[in-house]
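Number of protein chains: 2
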Amino acid sequence: MEPRKLIVYIACSLDGYIAKPNDDLSFLDRVQKEGEDYGYHDFIANVDTVIIGRRTYDWVVKQVGFFPHSDKETYIITRTSKPAQDTINFYSGSLTELIFSLKSKKGKNIFCDGGAAIVNALLKENLIDEFIISVIPVLTGDGIRLFQNGRPEQALRLISAKSFETGLVQLHYQKFSE
Amino acid sequence: MEPRKLIVYIACSLDGYIAKPNDDLSFLDRVQKEGEDYGYHDFIANVDTVIIGRRTYDWVVKQVGFFPHSDKETYIITRTSKPAQDTINFYSGSLTELIFSLKSKKGKNIFCDGGAAIVNALLKENLIDEFIISVIPVLTGDGIRLFQNGRPEQALRLISAKSFETGLVQLHYQKFSE
């Protein structure tokens, strides 16, 4: 059995923003197309654990009305720990310890669902195994950057680059150990 | 005859940097491959005019030993105007006026050779017709960003996404008029 991987699956604009100011995600509407899920179904079928920042979690719950991954073991990264509720764990400890502990157990892949603060904290610890980044054909011009300054250099290996009719390009990379 | 286009042809890391701190471009070495020029020869054959920032120009001359586009009409964007030297013009006026003036004449395409300050100034005036961005398979972690904050939103149309054996992905977009 393959080891579990920590995968960031996320969309961003060509200029690298995952949201415009005020959490505006309307640019994602440009690539909405009936019957096209950009591989999400297949991706999520191989995931049993979700890591998400507290602010992103709150935002998702507010937008969607519920948390769409409640069938998966979920770790909400937060400064204020709280008791677990069913599959939802509130985690305020070391990310490295969390990922190592999850990887020491058998299971499917671990999906990092953002936000940028969590992605960058995981990157600083070199914990992310794969990136699946859907590049939306737009320059949003401003907003929250997927990649923040001040991380170590990390080499990647391209797995695939797929382009879709809507102009979305999905880039798939894995960590490259030199 | 097709109208002349202003094209940005540039390489950046997956996290959106065109150089690491201290103008370090060593990450580009990762995709050096004998006999592979990533379409540069074909691109430059259709260019007769170059626009480049003064700092980038100085850097290129220092690195290469000479300016490689001296066969082309060149506009160095600078705060301190100087008399022209053969094909080299030092320009401190309005970028919009320069581009409109160039496009009113017949000719081949106009290549914006950077740096980021010029690209972003041109973007703010919505003057760039096409982007050919070569994404290098690396997270450099820090440096000079291709896209800076505080620009207007601009829709793009994907022309192509080509991946190469080295892991470089070349994204080609054109301005999308809505």
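Going down the list, the protein sequences come from chains G and P.
Remember, our numbering sits 2 above the position in the first sequence when you count from 1.
Remember, our numbering sits 2 above the position in the second sequence when you count from 1.
Note that the Cβ used here is the ideal one computed from N, Cα and C, for glycine as well.
Values in this document were obtained by computation on a predicted structure and should not be read as measured data.
For G/Ile112, which of G/Thr98, G/Val52 and G/Phe69 has the nearest alpha-carbon? If we check each option's Cα against that of G/Ile112, G/Val52 comes out closest.
Taking just the CA atoms, how far does G/Arg6 sit from G/Gln156? G/Gln156 and G/Arg6 have their C-alpha atoms roughly 20 angstroms apart.
Given a threshold of 16 other Cβ atoms within 10 Å of its Cβ, counted over all protein chains shown, does G/Phe102 qualify as buried or as exposed? Answer is exposed; the Cβ neighbour count stays below 16.
Judging by CA-CA distance, which residue of G/Ala118, G/His71, G/Gly67 and G/Arg56 is the nearest neighbour of G/Lys84? With distances taken between CA atoms, G/Lys84 lies nearest to G/Arg56 out of G/Ala118, G/His71, G/Gly67 and G/Arg56.
Thinking just about the alpha-carbon of each residue, which of G/Thr82, G/Gly117, G/Leu124 and G/Ile138 is nearest to the one in G/Leu100? Measuring from the Cα of G/Leu100, the nearest candidate turns out to be G/Leu124.
Going by beta carbon distance, what residues of the same chain come within less than 7 angstroms of P/Phe29, once the five residues before and after it are set aside? The answer, listed in chain order, is Ser15, Lys22, Ile138, Val140 and Thr142.
Using only the alpha-carbon positions, how far apart do P/Thr76 and P/Ala86 sit? One Cα belongs to P/Thr76, the other to P/Ala86, and the distance between them is close to 10 angstroms.
Where G/Lys74 falls: helix, strand or coil (DSSP): Looking at G/Lys74 - three-state DSSP - the assignment turns out to be coil, as it is neither helix nor strand.
Could you tell me which chain P residues have their CB closer than 8 angstroms to the CB of G/Ser165, listed as they occur along the chain? Chain P residues near G/Ser165: Leu160, Ser162 and Ala163.
Tell whether a beta-carbon distance below 7 angstroms holds between P/Ile46 and P/Ile78. No.
With DSSP as the reference, identify every bridge partner of G/His43, one or two as the case may be. DSSP output for G/His43 lists no bridge partner at all.
Give, in chain order, every residue of the stretch 85 to 100 of chain P whose Cβ lies closer than 8 angstroms to some Cβ of chain G. Against chain G - using a Cβ distance shorter than 8 angstroms - the stretch 85 to 100 of chain P contributes no residues.
First and last residue of the beta strand (DSSP E) that includes G/Ser165? Segment Gln156 to Ser165, the beta strand (DSSP E) holding G/Ser165.
Supposed contact pair G/Leu170 and G/Tyr40 - C-beta distance, whole angstroms, cut 8 angstroms: About 6 angstroms separates the beta carbon of G/Tyr40 from that of G/Leu170, a gap short enough to meet the 8 angstroms contact definition.
Along chain P, in chain order, which residues have C-beta atoms closer than 9 angstroms to that of G/Glu155? Correct list: Ser15, Lys22, Phe29, Val140, Leu141, Thr142, Gly143 and Asp144.
Could you tell me which whole beta strand (DSSP E) segments of length 3 or greater appear in the stretch 82 to 108 of chain P? Here the runs fully enclosed are 90 to 93.
Taking the CB atoms as reference points, tell me whether P/Leu197 and P/Leu27 lie closer together than 7 angstroms. Lying before the first or after the last residue shown, residue 197 of chain P is absent from chain P, which here runs from 3 to 180.
Just checking: is the beta-carbon of G/Gly152 within a distance shorter than 7 angstroms of some beta-carbon in chain P? True, the Cβ-Cβ gap to chain P drops below 7 angstroms.
Can you find a C-beta in chain P that's less than 7 angstroms from the C-beta of G/Gly18? Yes, contact with chain P.
Contact belief for G/Phe133 with G/Val10 at Cβ below 8 angstroms, rounded distance in angstroms: In this structure G/Phe133 is in contact with G/Val10, their Cβ atoms being roughly 5 angstroms apart against a cut-off of 8 angstroms.
Nearest residue (CA-CA) to G/Tyr175, options G/Leu160, G/Val63 and G/Thr168: Cα-wise, what sits closest to G/Tyr175 is G/Leu160.
What residues in its chain sit with their C-beta under 7 angstroms from that of G/Val121, if we drop five residues either side in the sequence? Around G/Val121: Val10, Cys114 and Leu148.
Among P/Ser106, P/Thr98, P/Ser72 and P/Ala118, which has the Cα closest to the Cα of P/Ile90? When the alpha-carbon of P/Ile90 is set against those of P/Ser106, P/Thr98, P/Ser72 and P/Ala118, the nearest one is in P/Ser72.
Within-7 angstroms CB hit, G/Gly169 to chain P: Closer than 7 angstroms: yes.
Taking Cβ positions, are G/Lys110 and G/Asp44 nearer each other than 7 angstroms? G/Lys110 is not a Cβ neighbour of G/Asp44, given a cutoff of 7 angstroms.
As assigned by DSSP and simplified to three states, the class of G/Ser136: Here DSSP, grouped into helix, strand and coil, assigns G/Ser136 to strand.
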